[in-house]
Structure formats: C-alpha cells, structure tokens
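Student:
In my numbering, the protein residues as written are 4 to 324.
#1: Could you name the residues of the same chain whose beta carbon sits closer than 8 Å to that of residue 317, not counting the 5 residues immediately before and after it, in chain order?
#2: Is the beta carbon of residue 149 sitting closer than 8 Å to the one on residue 271?
#3: With H, G and I counted as helix, E and B as strand and the rest as coil, what does DSSP make of residue 202?
#4: Rounded to a whole number of angstroms, what is the C-alpha to C-alpha distance between residue 231 and residue 183?
#5: Between the beta-carbon of residue 111 and the beta-carbon of residue 81, is there less than 8 Å?
#6: Counting only the same chain and skipping the five closest in sequence on each side, list residues whose C-beta sits under 7 Å from that of residue 118.
#7: So, helix, strand or coil for residue 191, using DSSP?
#8: Taking Cβ to Cβ, would you say residue 143 is nearer than 8 Å to residue 233?
#9: Quick check on the DSSP output: the beta strand (DSSP E) that includes residue 104 runs from which residue to which?
#10: Closest by CA to residue 162, which one among 308, 51, 87 and 24?
#11: List in chain order: all unbroken beta strand (DSSP E) runs of 3+ residues lying wholly within the segment 9-64.
#12: Kindly list the residues whose CB is nearer than 8 Å to the CB of residue 89, restricted to its own chain and excluding five residues on each side of it in sequence; keep chain order.
#13: Per the DSSP calculation, residue 228 is bridged to which residue(s)?
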C-alpha cells in the first residue's frame with residue numbers, strides 16, 4: 004500500500020543497517036536480489052532481507068521526521084517494540100526482534116529488524132479460501148485476541164505510559180486527539196455531533212475498570228498463516244491498555260459492512276453483548292471510522308473507492324449513536 008509515511012532507504016543505507024544489526028560479515032554481496040519491499044502495510048516501510056548466510060529478516064523503518072503523522076502514531080515504533088517485548092513472554096506467536104536502533108545516525112528515524120516468518124498473509128489470501136477454512140481461521144483469531152487481552156496493566160493508555168486511572172478519561176482523550184488531528188487538516192467531519200454523542204454515552208465507559216492489553220489493529224492482514232493455522236501476528240504499533248471490546252474483531256457486531264463476527268466471537272468465547280456493551284462498541288466504531296477518514300488525509304491516500312467506503316462507514320457509525 005502506498006503512503007507518504009513510508010521512509011524508503013537507498014541500498015547503501017540498507018547495507019549499513021544490516022552491518023550494524025548483524026555484523027559486516029552478513030552484508031549481502033549481490034545487487035538487489037537480497038532486498039524486497041513488503042507492500043501490505045500502510046504506515047512503516049518494511050523490507051524483507053536475505054543476509055549473506057541465508058538468514059531472512061524484516062526491517063521496519065519509522066516515517067521520516069518531516070512527515071506529519073496523527074497524534075496516536077507519533078511513537079508507533081516504540082509502541083510496537085514494547086508490545087513485542089510483552090508478547091514474547093506469552094504463547095501468542097509474534098516475530099522475534101533481533102535488533103533495534105533509536106540513535107538516528109544511519110537514518111533520521113527509528114528502525115528495527117526481526118526474524119522473517121515464512122507464511123501467507125491471511126488478509127491477502129482470505130478470498131481464495133473456502134468458507135469453512137475462513138471460519139476456522141476466524142475462530143483462531145478470536146482465541147488469539149482473547150489471549151492478548153489476558154495481559155493487564157496498571158493504568159489505561161500507552162504501553163510505555165504515562166497512563167490514566169479511568170477508561171473514560173483514556174478513550175475520550177484518544178477520540179479528542181483524532182478530532183484535533185482532523186481539525187488541524189480541515190477534514191470534513193461533524194465535530195460537534197461526534198463530541199455530543201461521546202458526551203451523551205460516556206458513562207457506559209465507566210463499566211471498564213481493568214486495563215487490558217488491546218491490539219486494536221488485529222485485522223486479517225496482520226495475521227500470518229501456514230497450513231491452515233495461525234503462525235504469527237504482526238504490526239503491533241497501535242496497541243495500548245484499554246477495553247477488550249475495542250478490538251477489531253468486535254467491529255462487525257455493530258457495523259455489518261465489516262463482515263460476519265460469529266466465528267470470531269465463538270473463538271473468543273464471548274457471550275452476546277449487553278445493551279451497554281453495544282453502546283460502547285458503537286462509540287468505538289465511531290472512533291475507528293473517524294480515524295479512517297482522517298488518516299486518509301495524513302497518508303496522502305487518493306484511492307476514491309477506499310476513501311468513499313471509509314466515509315460511508317463513518318456516516319453509519321455516527322447515525323448508530
């Protein structure tokens with residue numbers, strides 16, 4: 004996917020990064036056959052590397068310093084590294100981080116390398132799978148999401164802190180950040196309507212009292228599969244401590260355009276949502292779809308069909324509240 008946030012590097016710089024991470028003896032001797040850009044992500048640029056001894060790695064580079072990003076994205080790479088460190092202590096399959104560099108001397112941006120996982124991207128091949136295969140994998144995604152959510156923190160908000168004591172304060176802050184981002188770039192949204200709906204229904208957020216690890220971005224495109232099973236979860240830069248009900252798998256319970264959530268809910272082991280939970284999920288859908296509309300401007304996304312789809316979902320989410 005194309006985005007102005009992708010911080011592409013020259014071959015000379017990529018060789019220098021390999022030397023720093025793995026040593027000069029691992030720098031490939033070929034021309035370009037050892038490096039391949041992975042194009043599925045929207046935010047960071049990612050390269051698949053083959054080192055001199057055949058070891059394969061993925062290099063991720065944060066956006067260039069001069070590119071304006073949304074408020075919640077400003078420490079995205081630090082968040083991903085914190086998430087990977089947390090999840091490495093669990094049974095959830097995530098990539099192993101080999102090296103991280105925040106010195107910004109080779110590249111004026113943070114970057115890290117991790118072990119490459121040889122598997123298919125579920126989001127890419129999902130349409131080619133049978134309904135039965137899709138259902139089985141959606142059940143697995145539900146179970147994996149529940150495992151992630153089992154981790155808890157001491158406060159709501161960023162993994163690295165500082166957090167806040169209540170979920171209401173945290174969520175309303177997240178929403179306000181996105182609204183400020185939209186206002187800063189003059190994105191056409193019903194700002195007064197969004198704020199009014201959030202204020203009206205905010206008391207339902209007080210039901211959430213424990214800060215759980217939430218991935219927030221666990222869509223099929225961030226799931227790697229092999230032989231019909233999940234082997235790795237990727238792209239953890241949007242994780243934080245919050246309400247598990249904000250996870251991507253629950254979106255379709257209130258916005259049918261996102262698919263059928265039945266298999267995910269079965270894998271998660273979740274009973275039907277209560278009325279207050281449905282209201283919370285509608286708030287989260289409004290936050291998600293508002294973010295989708297605003298981020299299109301920050302990413303320089305010009306695909307008219309994708310942008311129209313996002314705006315239609317935002318309109319639905321606003322009306323649902």
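Note that the Cβ used here is the ideal one computed from N, Cα and C, for glycine as well.
Tutor: Considering the structure as presented:
#1: As a working note, residue 317 is residue 314 in the chain shown. These residues qualify, in order along the chain: 192, 289, 292, 293, 295 and 296.
#2: Numbered from 1 along the chain shown, position 146 holds the residue referred to as residue 149. Numbered from 1 along the chain shown, position 268 holds the residue referred to as residue 271. In contact: residue 149 and residue 271 (Cβ atoms closer than 8 Å).
#3: The residue labelled residue 202 in the question sits at position 199 within the chain shown. Helix.
#4: Mapped onto the chain shown, residue 231 falls at position 228. Mapped onto the chain shown, residue 183 falls at position 180. Distance between the alpha carbons of residue 231 and residue 183 is about 42 Å.
#5: To locate residue 111, count along the chain shown from 1; it is residue 108. To locate residue 81, count along the chain shown from 1; it is residue 78. Cβ distance not < 8 Å, so residue 111 and residue 81 don't count as in contact.
#6: Residue mapping note: residue 118 aligns to position 115 of the chain shown, counting from 1. Closer than 7 Å at Cβ, skipping near neighbours: 60, 98, 99 and 101.
#7: The residue labelled residue 191 in the question sits at position 188 within the chain shown. The answer is coil: DSSP assigns residue 191 none of H, G, I, E or B.
#8: Position 140 of the chain shown, counting from 1, holds the residue named residue 143. Position 230 of the chain shown, counting from 1, holds the residue named residue 233. Cβ distance < 8 Å, so residue 143 and residue 233 count as in contact.
#9: As a first step, residue 104 must be located in the chain shown, where it is residue number 101. Element bounds for residue 104: 100-104.
#10: Taking the first residue of the chain shown as 1, we reach residue 162 at position 159. The candidate whose alpha carbon is nearest that of residue 162 is 87.
#11: 38-41, 48-53 and 59-64
#12: Within the chain shown, residue 89 is the residue found at index 86, counting from 1. Apart from sequence neighbours up to five positions away, the residues of its chain that approach residue 89 with a beta-carbon distance below 8 Å are 154, 162 and 216, ordered along the chain.
#13: By one-based count along the chain shown, residue 228 stands at place 225. Bridge partners of residue 228: 123 and 233.
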